[in-house]
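Heads up: the sequence lines are chains A and B, in that order.
Sequence positions in the first sequence follow the numbering used here and run 889 to 1080.
Sequence positions in the second sequence follow the numbering used here and run 9 to 147.
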Amino acid sequence: MAAVGTIVWLSSELMFFAGLFAILFTIRALEPAIFAERTAMLNIPFAAFNTLLLVISSVWCQLGVLKAEHGQKARTGSLLNIGGWGMREWYILTYIFGAVFVAGQVFEYATLFSEGVSIASDPWGSVFFLTTGLHGIHVTGGLIAFLLIIARTYTSHTYSHHQRVGAVVTSYYWHFVDVVWIGLFFAIYILK
Amino acid sequence: MQTSTKLFGFLAAFFAIVGVIYVFATHGSHYGDGLEWVGVMGFFFLAGMMGMVSYYNHLTKKSIGASPDDDPHGEISAYEGEYGVFAPHSWMPLWVGLAATVAVIGFAVGWWLFFIAAFFGVVALVGWVFEAFHGEHSL
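Structural data, given as structure tokens:
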């Protein structure tokens, strides 16, 4: 049931982001000049690397899910024996990659602020900070979910079905947020 | 789940086709580059949403096998059984909800209220998540 509920909720999340994409493309169509000018200000290699980190974090997350489905909550061998990692280790790695992604976003925001672009400065600023900001809040929410799921593996005696379901639905959310970012990345950074 | 996969797959195709029709129907409208983007995005995201639900049903079918709704002679009662574990009683959702309410009011009132609510929100959320997952009888 938790999985069905998560999918229903993610459906509504998808339509939430549909609204944001509608804003993005409408204002883009109305203000082509400012979009061309501001897109040229973006550090595309930096953002591409950041995107890559988020995509890779999804891979780590899925490896954690495979371990969760096999009922392996934590590593069996030493930390260097990656094959023996459990769900906990893979999720911690996912968390680190996701956290670096958010830090990269903050760095990018700081750069734009120093150049005088903010949510109130111009139509592009409003669109950029609304879409990437609301996405960033979603990533941060996902990081909090990972912390709770990881912490749960320490508080329970056993690794039960309920814990596995929690880990799996968190991965659904993470993949979803990842896919939305790929869409945003192409819409904001790549489209000329 | 086979039926649901087909149903949502059909809806995904439907909204994708309507989206393409919409692109042609609004082409050359008075919006900037000649497309009405709100509807275009709406239809294609709807197609994506239906596709996502269809794919999820497909995965569920693969993991649990045929379910009663695939049998044309199936009865609704065939779906009875355990639907999951629900906490028999918990006050934690109330505290989470109250903290979230005050946090959102904080957007209008001032950030100081938001941060106070966020603190209580963290306490309530941790309480909720770990309520059944600690101690001797953890789930």
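No residue lacks a Cβ here, since even glycine has one placed at the ideal position from N, Cα and C.
Tell me the rounded alpha-carbon separation between residue i and residue j.
i, j, result
"LEU940/A", "TYR87/B", "43 Å"
"PHE94/B", "TYR1060/A", "21 Å"
"VAL110/B", "GLY73/B", "45 Å"
"LEU43/B", "PHE52/B", "14 Å"
"PHE128/B", "ALA140/B", "20 Å"
"GLY1071/A", "TRP1062/A", "15 Å"
"GLU901/A", "PHE1074/A", "19 Å"
"HIS1045/A", "HIS145/B", "9 Å"
Would you say residue i faces chain A, with C-beta separation under 8 Å as the test?
i, result
"LEU43/B", "yes"
"PHE7/B", "Residue coverage of chain B in this structure runs from 9 to 147, which leaves residue 7/B outside it and unanswerable."
"PHE32/B", "no"
"VAL137/B", "yes"
In chain B, which residues lie less than 8 Å from residue i when you measure between Cβ atoms?
i, result
"SER1044/A", "PHE141, HIS142, SER146 and LEU147"
"SER899/A", "MET57, MET60 and VAL61"
Starting from the Cα of residue i, find the closest Cα among the options and give me that residue.
i, options, result
"ALA132/B", "ILE25/B, VAL117/B, LEU106/B and LEU147/B", "LEU106/B"
"GLN993/A", "PHE937/A, ILE911/A and GLY907/A", "PHE937/A"
"LEU912/A", "GLN950/A, PHE1064/A, MET975/A and THR1019/A", "THR1019/A"
"SER1048/A", "HIS958/A, THR894/A and PRO920/A", "HIS958/A"
"VAL134/B", "ALA1033/A, ALA917/A, ILE1078/A and VAL892/A", "ALA1033/A"
"GLU977/A", "ILE1078/A, THR1041/A and THR1058/A", "THR1041/A"
"ILE1076/A", "GLY986/A, THR894/A, MET929/A and ILE980/A", "MET929/A"
"ALA24/B", "PHE16/B, ASP77/B, ILE113/B and LEU54/B", "LEU54/B"
"MET876/A", "TRP99/B, GLY89/B and PHE22/B", "In this structure chain A extends from 889 to 1080, so residue 876/A is not present and cannot be described."
"SER899/A", "PHE122/B, HIS35/B and GLY59/B", "GLY59/B"
Under a CB-based cut-off of 8 Å, is residue i close to chain B?
i, result
"THR914/A", "yes"
"PHE909/A", "yes"
"ARG1040/A", "yes"
"HIS1050/A", "yes"
"LEU902/A", "yes"
"ALA928/A", "no"
Along chain A, in chain order, which residues have C-beta atoms closer than 7 Å to that of residue i?
i, result
"TYR64/B", "ILE895"
"VAL46/B", "ALA910 and THR914"
"GLY92/B", "MET889 and ALA890"
"GLY50/B", "ALA906 and ALA910"
What in chain A is Cβ-close to residue i, meaning under 8 Å?
i, result
"MET100/B", "Those within 8 Å of MET100/B in chain A number zero; the least Cβ separation is about 13 Å."
"PHE53/B", "LEU902, MET903, PHE905, ALA906 and PHE909"
Please compile the residues from chain B whose C-beta is within a distance smaller than 7 Å of the C-beta of residue i.
i, result
"LEU1031/A", "Correct list: empty, because the minimum Cβ distance to chain B is about 13 Å."
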